[in-house]
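First up is the structure itself, then whatever we jot down about it.
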Amino acid sequence: MAKMEVKTSLLDNMIGVGDMVLLEPLNEETFINNLKKRFDHNEIYTYIGSVVISVNPYRSLPIYSPEKVEDYRNRNFYELSPHIFALSDEAYRSLRDQDKDQCILITGESGAGKTEASKLVMSYVAAVCGKGAEVNQVKEQLLQSNPVLEAFGNAKTVRNDNSSRFGKYMDIEFDFKGDPLGGVISNYLLEKSRVVKQPRGERNFHVFYQLLSGASEELLNKLTLERDFSRYNYLSLDSAKVNGVDDAANFRTVRNAMQIVGFMDHEAESVLEVVAAVLKLGNIEFKPESRVNGLDESKIKDKNELKEICELTGIDQSVLERAFSFRTVEAKQEKVSTTLNVAQAYYARDALAKNLYSRLFSWLVNRINESIKAQTKVRKKVMGVLDIYGFEIFEDNSFEQFIINYCNEKLQQIFIELTLKEEQEEYIREGIEWTHIDYFNNAIICDLIENNTNGILAMLDEECLRPGTVTDETFLEKLNQVCATHQHFESRMSKSSRFLNDTSLPHSCFRIQHYAGKVLYQVEGFVDKNNDLLYRDLSQAMWKAGHTLIKSLFPEGNPAKINLKRPPTAGSQFKASVATLMRNLQTKNPNYIRCIKPNDKKAAHIFTEALVCHQIRYLGLLENVRVRRAGYAFRQAYEPCLERYKMLCKQTWPHWKGPARAGVEVLFNELEIPVEEYSFGRSKIFIRNPRTLFKLEDLRKQRLEDLATLIQKIYRGWKCRTHFLLMRKSQIVIAAWCRRYAQQKRYQQIKSSALVIQSYIRGWKARKILRELKHQKRCEEAATTIAAYWRGTQVRREYRKFFRANAGKKIYEFTLQRIVQKYFLEMKNKMPSLSPIDKNWPPRPYLFLDSTHKELKRIFHLWRCKKYRDQFTDQQKLIYEEKLEASELFKDKKALYPSSVGQPFQGAYLEINKNPKYKKLKDAIEEKIIIAEVVNKINRANGKSTSRIFLLTNNNLLLADQKSGQIKSEVPLVDVTKVSMSSQNDGFFAVHLKEGSEAASKGDFLFSSDHLIEMATKLYRTTLSQTKQKLNIEISDEFLVQFRQDKVCVKFIQGNQKNGSVPTCKRKNNRLLEVAVP
């Protein structure tokens, strides 16, 4: 049986209210209090319907572990407590299962946690989508694009140590299975002014500090950079070091991420060279110099920095120096060159630095897109993640804040439209009547800014393009003329300002009533920032660079493609990008994450209500709640609703067997809830007022307590009954054991008593019998004694008659018997050892025992020899039998015999079976080899010797060549008649063959061997075993040998030899062969 999965609900164990739609009463104070209460309990996520509010905790929380990912995977959005993973899972499953393109819009002010939220969304999607080598590579590239873009696009600000200074929109593309294929990144409005100037307490972009801190000495020398931040004017020093940030480690992370994303080594080096060039541009300083015509001209103070920049970028030094001193204006084929004063030169330098860095950033985004784009052309599903600036209201708000707030107005507009559209679609889908909802439509504010005719951006572009003197003041005057009557525009000169009562509005400012509140904009810098001009001379100088990357960043500098048309302004470019973004978002199903910063100190556990209230207002969260609950505040599918509240009605508890909707209807009728408080949709129940839901929750809580009490009562009763039955059963068992023990003890006592009585009775009987037996024995003994005495008397009477005649003989026999008995007893203690060669024997004590003494010695020797022989193995017995046979044959007959006694008979001296040299010989012999020895065969003609292998088998005697192993002669043992040898200390012997046999055609054999005794003995025994006839062994110093047809006498003589102790053989004549033995 499958294990039941325990599911929880958003409403279970709720801290505050998990969904702001259910907040009652709804006002700004209760909204903030609810957020604070949840924040204090580490609940940083709260819902507004399907919108997630995220409060930055400024610390790590254990809510993003792999276990949490599994908890929210494939779960209903409202099934668990609010979490960013729930929204990520809902978006991913809608994309995968319903084939709906998704977008996740993350907004909030700097420091609210937007970047971290986007990382969490991407990490969750990466964790739950498919696996595989290619899929994992795509996921890794998508995730590793973040460190690269953060290094070049993020900076430390007073509000955030890792603030995104650009807007990022990433489209992640998936296949039909939900596996990522690639992605496309779009960037919006990089804050490039930060490159040349940073507010107090803030830093430039991270990459500058990471490069100087983490690059190796070799790389710094190559880029002609130094680690000291103070050497560079573009780097602020008051906050160069950030607590808790390791720039060196981050630099290594960025280099590794670039490698994973797909940057080649030369591309990464080119990027760092551009960064170094930007740093060095800030060190170029100018001095004024008067010309003859009275105009001021700027000159570079120290040309070393300029030289290093030119060497780094491959630009001609004179070309770049002239571009910083002169400006060329072209109009209708006319060129006018004017000098730049010091202020204009500094403007040109900073403009070049900003453009160079901004274009590098755009190139990085495009390069990352090339690496992470989908490689297949199949139809793709898309999930977009938008991480963009939140609404900004500073003390000094300029052009950047204006267009950022314009973007947020557009996002708010699409948010309200899509939220209403989603609500209306759900009502229609469920069959609920749609009622018109009143809400603030900020389309009038968007029109004020983007209208092509009299919008603020259109008038700013018109002012920038207008000939004549153009200043920020003229732009403000134009605004006062065109927008004076607009209800959301105010200035000192407009009719809406009521300046007589509002003295806080300066002359050089205008105020716009945004949806999030009023924002005062300083008009200073609007025109210049919108123009975003880079002198054509600098563009052309950059295009002439030998550096491939820099040259590609300035295509307009190519003289062949020169375009006299004015480039589009920053405002118009951003307006077009926002329009494209809005069209893209409208094609996708939106999901919203609203990030809130709890305090300005970037510290944990601090919740500043005023700051949070300000963000709630400009994020329009209350407006969002009102729109969400304008019709019905809560809706839920029938099945989970019935499952949650079925215990409130007897008819639905514990099990409802009909349709879920019918069960909900019965439940609500039983509870007498007013019909105007709810409506039944096709698949959901809609509850109008949160009070109704909370009433249900209170009733459920009370009912759960009642049920818990009932369960406890039943359980306690069951437990008591079970305990009673167990005690009763135990008492019965204990009583049984006690009775058993008492009976066993009583039985043991009775048994012991019976044994004692039995023992006494048996003892009495035994003693009675013993007395009777003793009496009977005494009677028998007495009778026997009497009989003995009587027979003795009779014998003595008879003996007296013969005593005198036989007394001596009796005494002699008795004495002799005692002497023999003493002899044998002494022999028992004086016996020698059991060794057969021990010749010791006790001396004879009496002469008359001489024959007996010798016979005992013989018998004892034979007995111990037998005992000794019994210890032999079969092999040892065979050896001793051969030795015994040799003793019988040669002892006292052959002088060579005594030296052979101590030598063991080995037989196989050549080891033919193991020596590969004799493999051919071994294969030719099928019988068992008894002797294999090298002998000297005596030549019949001259008496000289030749080495031969002497082989003896069970049936044959063979001679083989020692070198080749070839068999020379083979003699059957039946043809061997006699073996002759001398009685002297030599190794010569003759083998006589049967006359007329085939082997005797050449005559007998005469050999010389070092193992004569062993060979003759084995030949004798083998012949006897095979032929059943004893081989004649002739031992004589002179004997005849048959050589072919002649008989030759072999004679052994004593003589001194030249060779020492080696016998020699010499042919004396045709009839005599003489062997000289030393």
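Positions 1 to 1078 (the numbering used here) are the ones given, in order, by the sequence shown. We put the CB at the ideal spot given by N, CA and C, even for glycine. This structure is a prediction, so every number in the text was calculated from the model and none was measured.
Inset, instruction - Can you tell me which of the three DSSP states Pro180 falls into? - result: For the purposes of this step, residue 180 is taken as the residue at position 180 of the sequence shown. Strand at Pro180.
Legend entry - Enclosing alpha helix (DSSP H) for His861 [first to last residue]: Reading the sequence shown from its first residue, position 861 is the one you call residue 861. Counting along the chain, the alpha helix (DSSP H) containing His861 begins and ends at 850-869.
Inset, instruction - For Lys928, I'd like the list of residues in its chain whose CB is within less than 8 Å of its CB, leaving aside the five on either flank, ordered along the chain. - result: Position 928 of the sequence shown, counting from 1, holds the residue named residue 928. Only Thr953, Asn954 meet the Cβ criterion.
Inset, instruction - Give me the Cα-Cα distance between Leu105 and Cys509, rounded to the nearest whole angstrom. - result: Position 105 of the sequence shown, counted from the first residue, corresponds to residue 105. Position 509 of the sequence shown, counted from the first residue, corresponds to residue 509. Using only the alpha carbons, I get a separation of about 32 Å.
Inset, instruction - Would you mind sorting Gly384 into buried or exposed? The rule is 16 or more other CB atoms within 10 Å of its CB. - result: One-based indexing of the sequence shown puts residue 384 at position 384. It counts as buried.
Legend entry - Spatial neighbours of Lys37 in its chain, beta-carbon cut-off 6 Å, leaving aside the 5 residues before and after: Position 37 of the sequence shown, counting from 1, holds the residue named residue 37. Beyond the five residues adjoining it in sequence on each side, Lys37 comes within less than 6 Å, by CB distance, of Gly16 in the same chain, given in chain order.
Inset, instruction - Indicate the three-state DSSP secondary structure (helix, strand or coil) for Arg511 in the structure shown. - result: For the purposes of this step, residue 511 is identified with residue 511 of the sequence shown, where counting begins at 1. Strand at Arg511.
Inset, instruction - Output the boundary residues of the beta strand (DSSP E) element that contains Ala960. - result: Working through the sequence shown from its first residue, we reach residue 960 at position 960. Per DSSP, Ala960 is one residue of the beta strand (DSSP E) stretching across 956-961.
Legend entry - Outcome for Ile761 when other beta-carbon atoms lying within 10 angstroms are tallied against a minimum of 16: On the sequence shown, position 761 is the one that residue 761 refers to. Ile761 comes out exposed.
Legend entry - Runs of alpha helix (DSSP H) lying entirely within the segment 548-601, each at least 4 residues, in chain order: If you keep only unbroken alpha helix (DSSP H) runs of at least 4 residues inside the segment 548-601, you get 548-553, 570-586.
Inset, instruction - Look up Lys119 in the DSSP assignment and give the residues it is bridged to. - result: Within the sequence shown, residue 119 is the residue found at index 119, counting from 1. Note: Lys119 sits in no beta bridge, so no partner.
Inset, instruction - Specify the secondary structure class of Ser900 as computed by DSSP and reduced to three states. - result: Within the sequence shown, the letter at position 900 stands for residue 900. Looking at Ser900 - three-state DSSP - the assignment turns out to be helix.
Inset, instruction - Tell me where the beta strand (DSSP E) around Thr953 begins and ends. - result: Translated into positions along the sequence shown, residue 953 becomes position 953. Segment 945-953, the beta strand (DSSP E) holding Thr953.
Legend entry - Complete runs of the alpha helix (DSSP H) confined to the segment 213-280 [at least 4 residues]: 217-222, 247-261
Legend entry - C-beta atoms of Tyr909 and Glu933 nearer than 8 Å: Looking up residue 909 in the sequence shown gives position 909. Looking up residue 933 in the sequence shown gives position 933. Their beta carbons are under 8 Å apart, which means Tyr909 touches Glu933 by this criterion.
Legend entry - C-alpha distance - Lys968 paired with Leu958, whole-angstrom precision: Locating residue 968 in the sequence shown gives position 968, where the first residue counts as 1. Locating residue 958 in the sequence shown gives position 958, where the first residue counts as 1. Between Lys968 and Leu958, the C-alpha separation is close to 8 Å.
Inset, instruction - Compute the minimum distance between the beta carbon of Leu219 and the heavy atoms of the ligand NAP, and state whether it is under 7 Å. - result: This structure does not include the ligand NAP; it has no bound ligands of any sort.
Legend entry - Own chain partners of Val523 with C-beta closer than 7 Å, once the 5 adjacent residues on each side are dropped: The residue you call residue 523 lines up with position 523 of the sequence shown. Excluding positions up to five away in sequence, the list reads Asp472, Phe475, Leu476, Ser508, Cys509, Phe510.
Legend entry - Integer-rounded CB distance, given that Arg700 should sit under 8 Å from Leu642: Here residue 642 is taken as the residue at index 642 of the sequence shown, counted from 1. Here residue 700 is taken as the residue at index 700 of the sequence shown, counted from 1. Their Cβ separation, rounded to whole angstroms, is 12 Å, which puts Leu642 and Arg700 out of contact at 8 Å.
Inset, instruction - Specify whether the segment 409-419 and the segment 574-594 touch according to this definition: at least 3 beta carbon pairs, one from each stretch, less than 8 Å apart. - result: yes
Legend entry - Residue nearest to Lys944 in terms of C-alpha spacing, selected from Leu538, His775, Asn936: Numbered from its first residue, the sequence shown carries residue 944 at position 944. Comparing Cα positions, the closest option is Asn936.
Inset, instruction - Please name the residue in Arg818, Leu726, Arg536 whose C-alpha comes closest to that of Lys335. - result: Here the question's residue 335 lines up with position 335 in the sequence shown. The candidate whose alpha carbon is nearest that of Lys335 is Arg536.
Inset, instruction - Count the other CB atoms, across all protein chains shown, that sit within 10 Å of the CB of Asp532; report buried if there are 16 or more and exposed otherwise. - result: Along the sequence shown, one-based indexing puts residue 532 at 532. Label assigned to Asp532: buried.
Legend entry - Contact set for Ile456: own chain, Cβ-Cβ below 6 Å, skip 5 residues either direction: On the sequence shown, residue 456 is found 456 positions in, with the first residue counted as 1. Same-chain partners within the cutoff: Ile449.
Inset, instruction - Alpha carbon to alpha carbon, how far is Thr1017 from Ser947? Give it in angstroms, no decimals. - result: Taking the sequence shown and counting its residues from 1, the one referred to as residue 947 is at position 947. Taking the sequence shown and counting its residues from 1, the one referred to as residue 1017 is at position 1017. Taking the straight line joining both Cα atoms gives about 21 Å.
Legend entry - C-beta contact flag for Phe554 and Ser572 at 8 Å: Here residue 554 corresponds to residue number 554 of the sequence shown, with the count starting at 1. Here residue 572 corresponds to residue number 572 of the sequence shown, with the count starting at 1. Note that the C-beta distance between Phe554 and Ser572 is not below 8 Å.
Legend entry - Between the CA atoms of Tyr678 and Ala240 - distance to the nearest angstrom: The sequence position of residue 240 within the sequence shown is 240, counting from 1. The sequence position of residue 678 within the sequence shown is 678, counting from 1. Going by the C-alpha atoms only, they are around 60 Å apart.
Legend entry - Continuous beta strand (DSSP E) assignments of at least 3 residues falling wholly in the segment 982-1007: If only complete runs of 3 or more residues are kept, the segment 982-1007 shows the beta strand (DSSP E) at 988-993, in order along the chain.
Legend entry - Met459: first and last residue of the uninterrupted alpha helix (DSSP H) it sits in: Taking the sequence shown and counting its residues from 1, one reaches residue 459 at position 459. Taken as a continuous stretch (DSSP letters only), the alpha helix (DSSP H) holding Met459 covers 456-465.
Legend entry - The beta strand (DSSP E) enclosing Thr107, as first and last residue numbers: Position 107 of the sequence shown, counting from 1, holds the residue named residue 107. Residues 102-107.
Inset, instruction - Report the partner residues of Ile687 according to the DSSP bridge assignment. - result: What you label residue 687 is simply residue 687 of the sequence shown in a count that begins at 1. Paired residues: Phe634, Tyr678.
Legend entry - Under the three-state DSSP convention, the category Val1062 falls into: By one-based count along the sequence shown, residue 1062 stands at place 1062. Of the three classes helix, strand and coil, the one that applies to Val1062 here is coil, per DSSP.
Inset, instruction - Note down the Cα distance separating Arg466 from Phe607, rounded to an integer number of angstroms. - result: In the sequence shown, residue 466 corresponds to position 466, counting from 1. In the sequence shown, residue 607 corresponds to position 607, counting from 1. C-alpha separation (whole angstroms): 50 Å.
Inset, instruction - Can you tell me which of the three DSSP states Pro288 falls into? - result: Here residue 288 corresponds to residue number 288 of the sequence shown, with the count starting at 1. Here Pro288 sits in strand by DSSP.
Inset, instruction - Drop a sphere of 10 angstroms on the beta-carbon of Lys1066, count the other beta-carbons inside from all chains shown, and report buried for 16 or more, exposed for fewer. - result: On the sequence shown, residue 1066 is found 1066 positions in, with the first residue counted as 1. Lys1066 should be labelled exposed.
Legend entry - Selected residue, minimal CA-CA separation from Pro25, among Leu386, Val625, Ala151: On the sequence shown, residue 25 is found 25 positions in, with the first residue counted as 1. Measuring from the Cα of Pro25, the nearest candidate turns out to be Val625.
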